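Notes for the one structure printed next.
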Amino acid sequence: MPPGIPLINDRLIIWVVAELHLLFAAFVLGAPIFIVICEYLGLRTKDSRYERLAQETMKIVAISYSLAALFGAAMTFVLIGKYQALANFIFGRFYPLFGLYALLLLVESILMYVYWYTWDALAARKRIHISIGVALNLVGTVVMILMNGVGSFMLTPPPSPEQASVWQLLNNATWTGLNLHRFIANISFGGFMVALFAAFMFLTSRKDKDEDRAFYDWMGYIGNFIGVAALILLPVAGYIYAKEIFAYNATISTLLMADKLAWFFVIQGVLVVLLFLGAIYYMWLSIQRIRGGVRFRSYFRGVFLVALVGLTVWLVPQNFLPSLTAESTSPIEEVAIPERVTFLGMMPAKGLAVSAVILVTAFAYLLYRQAIATGTMAWGKIDTKAQFALIFLPSLAVFTMSFMGPIRELARGQWHIFQFMADTTRESFVPPLSYTAIMAGITTLVFFLLMSAVFWLGFKVAHKG
Amino acid sequence: MRLPLIVVAVVAAVWLAPLFLSVESGLRFGWPYQIFFTLVVLFGGFVFYMLRAKPTPPFKSTGKAFGSMVLVFLGSIGVIVLLANVAPQFGFEETSAGGATAEERGRALFSNPNVGCFLCHTIAGSGGTRGPDLSHVASVAGKRRPGVSAEDYLKESLQDPAAFVVPTFDKIMPPFAQRLSSEELADLLTYLLSLK
Chain A
0 MPPGIPLIND RLIIWVVAEL HLLFAAFVLG APIFIVICEY LGLRTKDSRY
50 ERLAQETMKI VAISYSLAAL FGAAMTFVLI GKYQALANFI FGRFYPLFGL
100 YALLLLVESI LMYVYWYTWD ALAARKRIHI SIGVALNLVG TVVMILMNGV
150 GSFMLTPPPS PEQASVWQLL NNATWTGLNL HRFIANISFG GFMVALFAAF
200 MFLTSRKDKD EDRAFYDWMG YIGNFIGVAA LILLPVAGYI YAKEIFAYNA
250 TISTLLMADK LAWFFVIQGV LVVLLFLGAI YYMWLSIQRI RGGVRFRSYF
300 RGVFLVALVG LTVWLVPQNF LPSLTAESTS PIEEVAIPER VTFLGMMPAK
350 GLAVSAVILV TAFAYLLYRQ AIATGTMAWG KIDTKAQFAL IFLPSLAVFT
400 MSFMGPIREL ARGQWHIFQF MADTTRESFV PPLSYTAIMA GITTLVFFLL
450 MSAVFWLGFK VAHKG
Chain B
0 MRLPLIVVAV VAAVWLAPLF LSVESGLRFG WPYQIFFTLV VLFGGFVFYM
50 LRAKPTPPFK STGKAFGSMV LVFLGSIGVI VLLANVAPQF GFEETSAGGA
100 TAEERGRALF SNPNVGCFLC HTIAGSGGTR GPDLSHVASV AGKRRPGVSA
150 EDYLKESLQD PAAFVVPTFD KIMPPFAQRL SSEELADLLT YLLSLK
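As given, the protein sequences belong to chains A and B, one line each in that order. The numbering of the first sequence is numbering that gives the first Met the number 0, which starts it at 0 and goes up by one. The numbering of the second sequence is numbering that gives the first Met the number 0, which starts it at 0 and goes up by one.
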């Protein structure tokens with residue numbers, strides 16, 4: 000355990016603050032991407048629900064934006080106050096980059112407020128308004144890409160970081176992988192947040208407001224769809240990212256996948272399993288609000304069976320040892336996969352299993368489309384349990400982010416900057432799995448509390464008057 | 000009614016199978032796997048139970064709705080945190096200076112950015128290049144000046160670097176006599192002497 004009072008030492012403060020900054024930043028970067036798309040769809044299809052979805056989500060983004068900035072500033076303060084050497088080096092070497100960053104943040108803020116406050120004023124000139132939204136997204140993405148350079152630098156610095164040019168520092172071995180991974184993850188994350196918001200509004204809507212419930216049911220469906228669709232792409236980006244790490248320094252990937260951090264990935268596996276099952280379960284409940292949907296029950300039994308078997312194969316660990324060099328207290332035939340079925344622990348089996356799961360998830364979606372085509376949709380008449388699924392999925396998605404972020408950081412071991420600047424502070428420690436999970440739980444909890452406060456302030460209190 | 004029976008049957012199979020399988024068969028799963036499969040089967044049973052559960056009616060009050068949202072959240076996160084706590088944990092090395100040897104403390108000082116040695120010196124391929132590579136400084140130090148032992152030479156290098164300037168390098172190394180305590184200087188010296 001780190002020395003000092005639990006939760007009030009520098010290491011844990013910077014941990015929570017950085018993570019919260021990332022969560023809010025991910026949301027305010029990811030959500031506007033499909034907000035603009037929805038606004039455009041509203042214009043094209045003349046379906047007013049798209050417009051309402053875009054506008055309500057943008058309102059949440061506008062409020063969350065200041066929280067992202069607040070935690071960003073807090074993170075800088077802790078860095079400068081408590082991690083001076085690292086801060087000196089990072090801010091010193093990346094100085095021109097941070098100048099550009101500040102400038103772009105200013106532009107982004109202006110665009111964001113213009114986009115938000117001209118929504119009604121430009122109602123007649125939608126194309127201009129949409130263009131502002133597109134510009135906002137472009138600037139936002141560049142801002143993210145710049146900061147990803149600093150983050151990825153710490154894990155994979157170029158040779159002799161003191162002499163390297165700013166471009167060499169930025170264009171380090173894992174910049175592309177991190178960019179790709181975060182870009183897709185942000186969209187998925189934004190989608191899940193919309194689903195969460197819709198579930199919140201659905202469950203707390205007044206009994207006499209059938210129209211509201213119909214809308215939020217639909218909104219939750221769209222949000223969840225974006226979340227899951229992007230989530231399915233994420234493993235590809237993750238693979239590219241992992242490959243870059245492997246090419247840079249194979250010992251890091253061994254540490255991650257086969258040694259001390261391997262069990263983090265088993266837990267991540269459990270999270271992904273639950274995300275897939277939750278998504279299929281939500282589809283199953285959605286189908287029942289379509290008249291005639293129940294006849295798909297037997298198909299769904301099959302879907303769940305394949306998914307469960309696939310996910311079991313995917314999860315079953317090759318061994319139950321905490322690390323490569325750990326001494327086992329049980330004989331090896333107890334804690335490792337039996338000889339004749341070792342293939343279950345290997346990559347091909349895992350890949351096959353995951354592909355099967357993705358396929359049946361797509362199949363479930365096709366069933367859903369089929370039900371819509373042949374039945375009548377009754378928006379708002381969905382089982383309350385489906386809204387719980389829409390809380391369950393975002394909870395796990397946020398937890399996954401708060402949990403995988405530290406893995407990326409822990410991969411550096413005792414280094415601030417890998418094999419260049421050691422973390423010599425009193426609080427330096429590499430937390431084990433249990434500790435990390437508890438920290439991720441705390442961050443997730445704080446994030447959800449703040450998010451609920453945002454929903455409440457923006458949509459409940461504001462609408463009373 | 001059939002569902003619980005199936006679950007019980009599969010769990011029983013998981014625990015009884017090893018009694019009939021020898022280790023040589025290469026098919027016998029050890030106890031951690033039995034627990035793993037049991038959890039999977041129980042969870043699968045839960046999933047199928049949820050498939051046939053009756054629809055939940057809407058909530059009567061906002062308070063109840065909010066309370067149940069909080070429960071769903073805490074339940075989902077709680078289960079994961081619990082799993083992470085029962086999974087195998089790796090041991091992590093204590094890094095605070097407490098139990099460290101002089102050599103370890105010296106190494107930490109060397110890579111401590113506030114002291115800054117590594118900003119100018121490379122050891123084992125990482126560090127700066129404004130000063131000489133120190134990867135094998137203990138072997139070099141004894142030959143720098145005739146009659147001066149490695150230890151004395153290194154001591155002097157730290158306290159008064161200008162006394163002898165390594166050829167081809169500039170006189171830029173700051174003296175550390177005042178900046179570091181005598182214990183710290185001794186730790187650094189022990190570390191440098193280990194770099195044979």
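Backbone N, C-alpha and C define an ideal beta-carbon position, used for all residues, glycine too. All values derive from a computational prediction rather than experimental measurement.
Test item: CB-CB of A:Leu-320 and B:Pro-17 under 8 Å
no
So, at 6 Å on beta carbons, what are the nonlocal neighbours of A:Gly-139 in its own chain, with the 5 sequence-adjacent residues on each side left out?
Leu-28, Glu-107
Specify, as a first and last residue, the run of the alpha helix (DSSP H) that A:Trp-378 falls within.
Element bounds for A:Trp-378: n/a, residue is neither H nor E.
If I follow the unbroken beta strand (DSSP E) through A:Ile-416, where does it start and stop?
414 to 416
Rounded straight-line distance, which links the Cα of A:Lys-380 to that of A:Asn-8
For A:Asn-8 and A:Lys-380, the gap between their C-alpha atoms comes out near 49 Å.
Would you say B:Pro-173 reaches chain A, if we count a Cβ-Cβ gap shorter than 8 Å as a contact?
no
Distance check for A:Leu-96 and A:Leu-179, CA to CA, integer angstroms please.
Their Cα atoms are separated by approximately 20 Å.
Just how far apart, CA to CA, sit A:Phe-26 and B:Pro-160?
54 Å
Test: A:Pro-337 CB closer than 8 Å to a CB of chain B:
Cβ-Cβ to chain B under 8 Å: yes for A:Pro-337.
Any residues in the stretch 382 to 395 of chain A with a beta carbon nearer than 8 Å to a beta carbon of chain B? Which ones, in chain order?
The residues in question are Asp-382, Thr-383, Lys-384, Phe-387, Ile-390, Phe-391, Ser-394, Leu-395.
How many angstroms separate the CA atom of B:Leu-153 from the CA atom of B:Leu-179?
15 Å
Per DSSP, what are the beta-bridge partners of A:Gly-344 in this structure?
According to DSSP, which records beta bridges pairwise, A:Gly-344 is partnered with nothing at all.
Going by DSSP in three states, A:Met-420 sits in which element: helix, strand or coil?
Three-state result, A:Met-420: strand.
Given this structure, state the Cα-to-Cα distance separating A:Gln-418 from B:Gln-177, to the nearest angstrom.
In this model, A:Gln-418 and B:Gln-177 are separated by some 28 Å (Cα to Cα).
I want to verify the contact list: residues of chain B whose CB lies under 8 Å from the CB of A:Glu-333, in sequence order.
Gly-29, Trp-30, Pro-31
Nearest neighbour of A:Ala-229, chosen from A:Phe-263, A:Tyr-220, A:Thr-203, A:Ala-184 [CA to CA]
Of the candidates A:Phe-263, A:Tyr-220, A:Thr-203, A:Ala-184, the residue whose Cα lies closest to the Cα of A:Ala-229 is A:Ala-184.
Have a look at A:Lys-58, A:Ile-244, A:Asn-87 and flag the residue whose alpha-carbon is nearest the alpha-carbon of A:Pro-156.
Answer by Cα proximity: A:Ile-244.
Kindly say whether A:Ala-194, judged by its beta-carbon, lies nearer than 8 Å to any beta-carbon of chain D.
Among the chains of the structure shown, chain D does not appear; the protein chains present are A and B.
Figure out for me which residue from B:Lys-63, B:Gly-115, B:Arg-51 has the closest Cα to the Cα of B:Thr-128.
B:Gly-115
Secondary structure, beta strand (DSSP E): runs of 3+ residues fully inside the stretch 91 to 173 of chain B
none
Taking DSSP as the reference, what is the three-state secondary structure of B:Ala-86?
coil
Under 7 Å between beta-carbons, which chain A residues line up against B:Ser-75? List them in chain order, please.
Phe-391, Ser-394, Leu-395
Find the residues of chain A that neighbour B:Ala-176, judging by a C-beta separation of less than 7 Å, and give them in chain order.
In chain order: nothing, as chain A lies at least about 21 Å away.
8 Å contact criterion, which A:Met-74 and A:Ile-13 should meet: CB distance rounded:
7 Å
A:Val-315: which of A:Asn-223, A:Phe-342, A:Met-438, A:Leu-202 sits nearest, CA to CA?
A:Phe-342
Which residue marks the beginning of the alpha helix (DSSP H) containing A:Ser-451, and which one marks its end?
432 to 454 is the extent of the alpha helix (DSSP H) around A:Ser-451.
Check each candidate in B:Glu-150, B:Pro-166, B:Thr-167 and name the one with the smallest Cα separation from B:Leu-194.
B:Glu-150
Locate the alpha helix (DSSP H) running through A:Val-193, then write down its first and last residues.
174 to 202
Considering only the alpha carbon of each residue, which of B:Leu-15, B:Gly-29, B:Ala-101 lies closest to B:Ser-181?
The candidate whose alpha carbon is nearest that of B:Ser-181 is B:Ala-101.
Distance, Cα to Cα, A:Met-420 vs A:Ile-79?
16 Å
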